[in-house]
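Engineer: This note's numbering puts the first residue of the sequence shown at 7, with every later residue one more than the last. A virtual CB, placed ideally from N, CA and C, is assigned to each residue, including glycine.
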Amino acid sequence: MAPANCLCVDRVLSAGIGELNAFAVVRPPGHHAGISEPSGFCIFNNVAVAAQCAIDKYNLRRILILDWDVHHGNGTQEIFSEDDRVLYISIHRHDEGRFYPMGEPKDYVDVGEGKGKGYSVNIPWNHAYIGDDAYRAAFGKVGPIVMPIAYEFGPELVFISAGFDAATGDPLGEYRVSADTFALMTYQLMGLAGGRVIAVLEGGYNLTAISECAAAVCQ
7 MAPANCLCVD
17 RVLSAGIGEL
27 NAFAVVRPPG
37 HHAGISEPSG
47 FCIFNNVAVA
57 AQCAIDKYNL
67 RRILILDWDV
77 HHGNGTQEIF
87 SEDDRVLYIS
97 IHRHDEGRFY
107 PMGEPKDYVD
117 VGEGKGKGYS
127 VNIPWNHAYI
137 GDDAYRAAFG
147 KVGPIVMPIA
157 YEFGPELVFI
167 SAGFDAATGD
177 PLGEYRVSAD
187 TFALMTYQLM
197 GLAGGRVIAV
207 LEGGYNLTAI
217 SECAAAVCQ
């Protein structure tokens, strides 16, 4: 759970350890848990706790959370919606608001509030069977969205909310993203923050897909 993610932060940021990357295999997932209540099988928001640990303990001021779970991380966005120290980018299934979490901020017009306005970036897909081409296009280093924004922000640390329910074979996500594409997205993110990237396991409902995609991310 959340303490495992903070341990990952310590391992990556502590001087002399020499580890740039970590993968926190945690259950239950966390990105639906908000400021005051659990939601969507999530009790504590693991990645948010870890990001706050990096802010409080290591005085970081620019943290990127990239969420590629097929569901929008409504809890994570809520927690950091007014915080300009955390850039939250989510790629998720939306279906014009009919896909879980229904009725929550998750469209491209939801960009944060107050000091955090502009630091929430949502990339909502509006139909099933999205696959590699769309994810790679959205992520591309030279455009159109994820990597240019990430490079401009210049994060000191990168978290991945690594849900694998967008993977081929997942019965709920109904998407067709391959393990190779998850690996490619990870590789591109490692070009940020001096390579300091921490992946935190989120959703996924096909054990074979989870294991294959998680292994690809770690490699």
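In whole angstroms, what is the alpha-carbon distance linking glycine 197 and methionine 153?
Structural biologist: Straight-line Cα distance between these residues: approximately 10 Å.
Engineer: Work out the CA separation of tyrosine 141 and aspartate 186 for me, nearest whole Å.
Structural biologist: Approximately 11 Å between the Cα atoms of the pair.
Engineer: Could you tell me which whole beta strand (DSSP E) segments of length 3 or greater appear in the stretch 103-154?
Structural biologist: Listed in chain order, the complete beta strand (DSSP E) runs (minimum 3 residues) inside the stretch 103-154 are 126-131.
Engineer: How would you call aspartate 171, buried or exposed, if buried means at least 16 neighbouring beta carbons within 10 angstroms?
Structural biologist: Label assigned to aspartate 171: buried.
Engineer: Roughly how many angstroms separate the alpha carbons of glutamate 180 and alanine 21, rounded to a whole number?
Structural biologist: Near 43 Å, if we compare the C-alpha coordinates of alanine 21 and glutamate 180.
Engineer: By DSSP's criteria, aspartate 176 is part of a beta bridge. Which residues make up the other side?
Structural biologist: DSSP lists no partner for aspartate 176.
Engineer: State the Cα-Cα distance for the pair leucine 70 and valine 164, rounded to the nearest angstrom.
Structural biologist: Approximately 5 Å between the Cα atoms of the pair.
Engineer: What number of angstroms, rounded off, separates the C-alpha of serine 42 from the C-alpha of glutamate 218?
Structural biologist: Their backbone Cα atoms lie some 34 Å apart in a straight line.
Engineer: Starting from the N-terminal side, write out each stretch of the beta strand (DSSP E) that is 3 residues or longer and does not extend beyond the stretch 57-111.
Structural biologist: You should have 69-73 and 92-99.
Engineer: Please list, in chain order, all residues of the same chain as proline 130 whose beta carbon is under 7 Å from its beta carbon, the five residues on each side excluded.
Structural biologist: The answer, listed in chain order, is His98, His100, Lys112, Asp113 and Tyr114.
Engineer: Report yes or no: do the stretch 29-48 and the stretch 76-85 share at least 3 C-beta pairs separated by less than 8 Å?
Structural biologist: At 8 Å Cβ cutoff, the stretches touch.
Engineer: Would you give the residue range spanned by the alpha helix (DSSP H) that alanine 220 belongs to?
Structural biologist: Here the alpha helix (DSSP H) through alanine 220 covers 213-224.
Engineer: According to the Cβ coordinates, are valine 32 and valine 206 closer than 8 Å?
Structural biologist: Yes. Within cutoff.
Engineer: Do you know whose CA, among His37, Pro35 and Asn52, lies nearest leucine 13's CA?
Structural biologist: The residue with the shortest Cα to Cα distance from leucine 13 is Asn52.
Engineer: What does DSSP give as the partner residue(s) for asparagine 27 in the beta ladder?
Structural biologist: In the DSSP output, where bridge partners are listed per residue, asparagine 27 has Val203.
Engineer: With histidine 77 and glycine 209 assumed to form a contact (beta carbons below 8 Å), what rounded beta-carbon distance in angstroms separates them?
Structural biologist: Indeed they touch by this definition, with Cβ atoms about 6 Å apart.
Engineer: Could you spell out the range, first to last residue, of the beta strand (DSSP E) harbouring alanine 168?
Structural biologist: Start and end: 163-168.
Engineer: Suppose you measure from the CA of aspartate 139 to the CA of glycine 79; what does that come to, to the nearest Å?
Structural biologist: Cα to Cα, aspartate 139 sits roughly 22 Å from glycine 79.
Engineer: Quick check on DSSP: helix, strand or coil for valine 55?
Structural biologist: Looking at valine 55 - three-state DSSP - the assignment turns out to be helix.
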